[in-house]
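Q: I'd like to ask you about the structure that follows.
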Amino acid sequence: MPVARKHNVLTPDEYLQEELEAPVKRELIDGQVYAMAGASANHERIAGNFYSELRNHLKATPCEPFSSDMKVRVRDNFYYPDVLVDCDFDESEPYFTSTPVIIVEVISRSTRKMDEKQKLLEYINIPTLKEYVLIEQDVADVTVYRRSDDWRSTHYFLGEEIHFESIDFTIRVEDIYLRVKNEDVVAFLEQHSES
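No gaps in the numbering here: position 37 of the sequence shown is 263 in the numbering used here, and each next residue is one more.
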């Protein structure tokens, strides 16, 4: 869980100004600043794989993917999702977006509660958001929440494909987990190498 800096409540403008020179990434939640922890190798592999597949798919479209350095603004809160897609980026605000269509979070034990509860409740109130994706790193399990399905969750596993309606994009779960080292991925690869 990120650690809050205990002092006066920051306004969004104060936060954005401080964030330009901050030595670490920090999220602003209800006026409090929370430092972001570093990520594991599997976390980076998953986020990088997803971003790379999105980038290739979207290169001839008005939509573009962003990695974990782009903030999302929800009311007066700012979050750093692992990957997002925006189809109407506002160039007048180059350090954040308020119009993502897809948000992806790679979850860990320390971020699970925040990603599955608080961020879900925040993100589904973004008018442009169509899909929210949670990707486990310790097991192979991808959860997708879709506006078109009243934000109900659907789980996807190795050997399955996920279709993202908002950008007409399909990805195989094993492509998300390329080079990831966990028991599910190792067992899946062993099973398929024997076939």
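Ideal Cβ placement from N, Cα and C applies to all residues, glycine included. In this text the structure is predicted, and so the values were computed from the model without any measurement.
(1) Could you tell me whether the Cβ atoms of ILE361 and VAL332 are closer together than 9 angstroms?
(2) Can you list the alpha helix (DSSP H) stretches of 4 or more residues lying completely in the segment 345-378, in chain order?
(3) Return the first residue and the last residue of the beta strand (DSSP E) that ARG281 is part of.
(4) With a 10 Å radius around its C-beta and 16 neighbouring C-beta atoms as the bar for buried, classify ALA273 as buried or exposed.
(5) By DSSP's criteria, PRO305 is part of a beta bridge. Which residues make up the other side?
(6) Go to PRO260, then tell me how far its beta strand (DSSP E) extends in each direction, as first and last residue.
(7) Report the CB separation of ARG252 from ALA261 in whole angstroms; it is logged as a contact under 8 angstroms.
(8) Specify, as a first and last residue, the run of the alpha helix (DSSP H) that LEU415 falls within.
(9) Hey, out of LYS339, ALA366, ILE352, whose CA is closest to ILE329's CA?
(10) For the segment 265-279 against the segment 336-355, do three or more pairs of beta-carbon atoms, one drawn from each stretch, fall closer than 8 angstroms, so that the two count as touching?
(11) Return the residue from the list LEU246, GLY257, ALA248, GLU247 that minimises the CA-CA distance to ASN234.
(12) Please say whether GLU391 and LYS345 have beta carbons closer to each other than 9 angstroms?
(13) Whole angstroms are fine: how far does the CA of HIS389 sit from the CA of ASP367?
A: In brief:
(1) Taking a C-beta distance under 9 angstroms as the contact criterion, ILE361 and VAL332 qualify as a contact pair.
(2) Entirely contained in the segment 345-378, the alpha helix (DSSP H) runs reaching 4 residues are, in chain order, 345-349.
(3) That residue, ARG281, is in no beta strand (DSSP E); its alpha helix (DSSP H) goes 267-284.
(4) The residue in question, ALA273, is buried, as its Cβ has 16 or more Cβ neighbours within 10 Å.
(5) Reading the sequence as shown, one finds Tyr at residue 305 and not Pro. VAL298, per the DSSP bridge assignment.
(6) First, the residue type needs correcting, since residue 260 is Tyr and not Pro in the sequence shown. It spans 258-261 - the beta strand (DSSP E) in which TYR260 sits, taken as one unbroken run.
(7) For a cut-off of 8 angstroms, the C-beta gap from ARG252 to ALA261 is around 5 angstroms, short enough to register as a contact.
(8) Element bounds for LEU415: 409-420.
(9) Of the listed residues, the one whose Cα sits closest to ILE329 is ILE352.
(10) No contact exists between the segment 265-279 and the segment 336-355.
(11) Distance from the Cα of ASN234 is smallest, within the candidate group LEU246, GLY257, ALA248, GLU247, for GLY257.
(12) Judged by beta-carbon spacing, GLU391 lies beyond the 9 angstroms limit of LYS345, meaning their Cβ atoms are not closer than that value.
(13) Each residue's alpha carbon lies about 15 angstroms from the other.
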